[in-house]
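Novice: In the UniProt record's numbering, the protein residues as written are 1 to 287. For glycine and all other residues, C-beta sits at the position ideal for the given N, C-alpha and C. As the structure is a prediction and not an experimental result, all values here were calculated from the model. Shown below is the structure under consideration.
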Amino acid sequence: MHTYDTNRHTWRYDVGGYGWDNSELSLTYSSGNTFYAPAAKTFIVSQRLSPATQVKPMSTILVIGRAWVPATVSSTGPIAQSKPVSRSRSTYFYYLSGGDERIRELLGELLDTEKTYGILDPQRNAALAGGWLIAWERRGLRWEEAKTKLTSTITSIAKLNTLGPPPLDPDNKGLVDVSHLSAVFGLPEVVSEPVEYYGDDLPAGFKEAWYDYCYYYAATPAEARYGVKVKDISLLQAHSRVTAYAAHQTGNTTLAKRAWRDLLNSDGIGPNTPDTDMNGSSVLSGS
């Protein structure tokens with residue numbers, strides 16, 4: 001479910017627009033690594049449903065608008081969600097563990113997704129890198145092409161500012177644009193693995209650019225490096241893992257303490273947050 005209703009003390013499964021499991025928020029990453037039976041069952045079902053319903057025919061750019069089925073579950077979604085939901089990285093563990101041939105076919109079909117970006121921008125660019133990385137790992141027919149694309153992107157990314165279109169930056173001065181959603185769709189996994197795979201051959205500047213993001217996303221305004229204060233920062237608990245990653249990789253103990261602080265004492269949820277049982281008429285009354 002997307003949103004919890006604090007008035008009725010229930011998930012908004014019965015409200016149109018809310019009753020859908022947001023696969024792009026990486027349920028498939030977490031539920032696939034558990035031995036808890038219900039979570040594993042959910043993992044298998046979502047692996048078969050989400051990628052198949054979100055893959056758009058890239059040759060015709062068939063974009064179907066949001067359509068709600070009776071249970072208010074979105075079977076088709078907005079284009080910005082289509083790529084991360086269908087992304088290859090989401091199905092990676094399922095493919096390795098089960099060998100589902102339909103998933104194998106989808107992994108191949110998604111290799112050409114970047115062609116869509118020349119016609120309309122669905123954003124969520126990390127999903128492309130994840131697909132290329134898997135193709136390189138699988139050593140399929142196009143693995144060298146995929147590795148070349150991934151290497152070219154990694155080589156260029158340290159030199160780029162944002163990937164926004166020219167009308168947003170007509171003077172080409174560069175934009176400072178950070179979204180709280182940038183690193184909650186599997187981006188840490190997509191980035192950390194190439195860093196390991198390339199080893200000493202990792203293109204210069206890429207790792208440093210990633211460490212910069214990990215550090216400055218939740219940094220204080222006083223530490224602002226890029227000339228502006230980053231606004232609307234949220235999901236600190238979710239981002240604490242990239243903070244912790246950078247702290248570990250760089251040996252920054254001060255940053256490690258910040259990662260623990262963000263994990264345990266942010267977003268209103270902590271280890272000592274009290275539980276309140278709500279049942280019976282108190283739920284119905286919205287008290």
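1. Three Cβ pairs or more, each shorter than 8 Å: is that satisfied between the region 236 to 243 and the region 264 to 271?
2. Pull up the distance between the alpha-carbon of Thr155 and that of Phe206, whole angstroms please.
3. So if DSSP puts Ser179 in a beta bridge, which residue, or which two residues, is it bridged to?
4. For Trp132 and Gln47, what's the separation of their Cα atoms in angstroms?
5. With burial defined as no fewer than 16 other Cβ atoms inside 10 Å of the residue's Cβ, what is the status of Tyr215: buried or exposed?
6. Along the chain, where does the alpha helix (DSSP H) containing Gly98 start, and where does it finish?
7. Cutting at 6 Å between CB atoms, please list the residues of its own chain near Tyr4, excluding the five before and the five after it.
8. On the three-pair Cβ rule with 8 Å, is the region 95 to 112 touching the region 132 to 147?
9. Pull up the distance between the alpha-carbon of Ala40 and that of Thr250, whole angstroms please.
10. Once DSSP output is grouped into helix, strand and coil, what is the label at Asp200?
11. Name the one or two DSSP bridge partners that Val192 has.
12. Just to confirm the assignment, what range does the alpha helix (DSSP H) spanning His9 have?
13. What is the rounded straight-line gap between the Cα of Pro218 and the Cα of Tyr13?
14. Using the C-alpha atoms, what's the distance from Asp275 back to Gly186?
15. In this structure, how does DSSP classify Ile269 when only helix, strand and coil are distinguished?
16. I'd like the list of long-range same chain contacts for Ala247, defined as Cβ closer than 6 Å, with 5 residues on each side in sequence excluded.
17. Would you check if the distance between the CB atom of Ala126 and the CB atom of Val190 is smaller than 8 Å?
18. Look at the alpha carbon of Gly130 and the alpha carbon of Tyr211, and state the distance between them as a whole number of angstroms.
Specialist: Taking the definition as stated:
1. They touch, by the three-pair rule.
2. 7 Å
3. Note: Ser179 sits in no beta bridge, so no partner.
4. 19 Å
5. buried
6. 92 to 98
7. Contacts found: Trp11.
8. Verdict: yes, contact present.
9. The alpha-carbon of Ala40 is positioned some 35 Å away from that of Thr250.
10. helix
11. Here residue 192 is Ser; the residue named in the question, Val, does not match the sequence. None, per the DSSP bridge assignment.
12. Looking at the DSSP string, His9 is not in any alpha helix (DSSP H), and its letter there is neither H nor E.
13. The residue asked about is misnamed: residue 218 is Ala in this sequence, not Pro. Computed Cα separation, rounded: 32 Å.
14. Their Cα atoms are separated by approximately 30 Å.
15. strand
16. Leu255, Ala256, Ala259
17. yes
18. The alpha-carbon atoms of Gly130 and Tyr211 are separated by roughly 19 Å.
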